[in-house]
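For the sequence shown, our numbering begins at 1 and goes up steadily by one.
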Amino acid sequence: MSTATTRKPNDFKSDLKPIWCPGCGDFGVLASLYRAFAHLDLDPAKTVVVSGIGCSSRLPGFVSTYGVHTLHGRPLPVAMGVKLANPDLNVIAVGGDGDGFAIGAGHFPHAARRNVDITYLVMDNEIYGLTKGQVSPTSLTDQKAPSTPWGNLETPLNTLAFAVASGAGFVARGASFNTKALTELIVQAMEHKGFSYIDALSPCVMFNNHQEEWKELVTDVAPDHDSSDKVQAFDLALKGGFKLGILYKELRPTLGEKYRALVERTPDQNLDQMLEGFSARKGAAIGKPVA
């Protein structure tokens, strides 16, 4: 990864100081984001960070780019709208596993299959941290929490397999405790033309502090892994432990490219003629003569 840039990571820091708990994994993700933005030499005036609700969704306030703090679970539709309205912008959506895969889960497969050119970075701590430790869609079975004192009865969602199945063109996993590798993943995700998803392991030190356990479970994706093979991607996603790296990568036309191509081949329309035709059809439908 080249380092020839004019901007530095500190150039992307806002005047606001992060208010996460000391030791929160989100600090590592934020640091990786600063470095990735600097490596890509992004113009802050042409970059937008969109978030939902939750601890991790505070992130736009700590970045000197444009930021949109949306409703709970809604960063993806807003991010898609921003990108489609202005294709020249660099758009990244951020949030947590609860925000993205509980109330916001319905938006994910459609963002992926539409292949809008945005990056979605999820800080996955397997818990609801902001509301004091309830289990989330990625919490382990039998996990005890304030909402499940006798253990979680549900099966966790495998977000990587979900992403591959939904049609995401770039699927990867990183970790807040390996900022160098996570930075490289963010760079590659933002350079990828199409919908990119990164699951970033980000331990919650207050309610689900498994960082040391996770460190023992992480292994890198093998160098000979064929990231264009969807079957191999599913195999890695479904194996035990945490595979760090790019699981799947596929290039195909983005939704924005398809829209622009459609506009170019669509003949010019005369608005007056369209309105006259509409009035004629409306009159015929109600049985009245058209003046």
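Cβ atoms here follow ideal geometry from the backbone N, Cα and C, with glycine treated the same way.
Nearest Cα to residue 44 within the set 131, 53 and 14: 14. Taken in chain order, the unbroken stretches of alpha helix (DSSP H) that lie wholly in the stretch 172-227 and span 4 residues or more are 179-191 and 211-217.
Of the residues assessed, residue 275 falls on the exposed side of the cut-off, its CB having fewer than 16 other CB atoms within 10 angstroms. Per DSSP, residue 157 is not a residue of any alpha helix (DSSP H), being assigned neither H nor E. Of the other Cβ atoms in all chains shown, fewer than 16 fall within 10 Å of the Cβ of residue 273; this residue is therefore exposed. When the alpha-carbon of residue 168 is set against those of 247, 32 and 185, the nearest one is in 247. In this model, residue 141 and residue 252 are separated by some 36 Å (Cα to Cα). Taken atom to atom, the span from the alpha-carbon of residue 270 to that of residue 83 is near 28 Å. Secondary structure at residue 38: helix, using DSSP grouped into helix, strand and coil. Per DSSP, residue 142 lies in no alpha helix (DSSP H) and is assigned neither H nor E. Under the three-state reduction of DSSP, residue 51 is assigned to strand. Note that the C-beta distance between residue 29 and residue 79 is not below 9 Å.
Counting the other CB atoms within 10 Å of its CB gives residue 20 a total of 16 or more, which places it among the buried residues.
Between residue 133 and residue 96 a beta carbon distance of about 13 Å is seen, past the 8 Å cut, so the two are scored as non-contacting.
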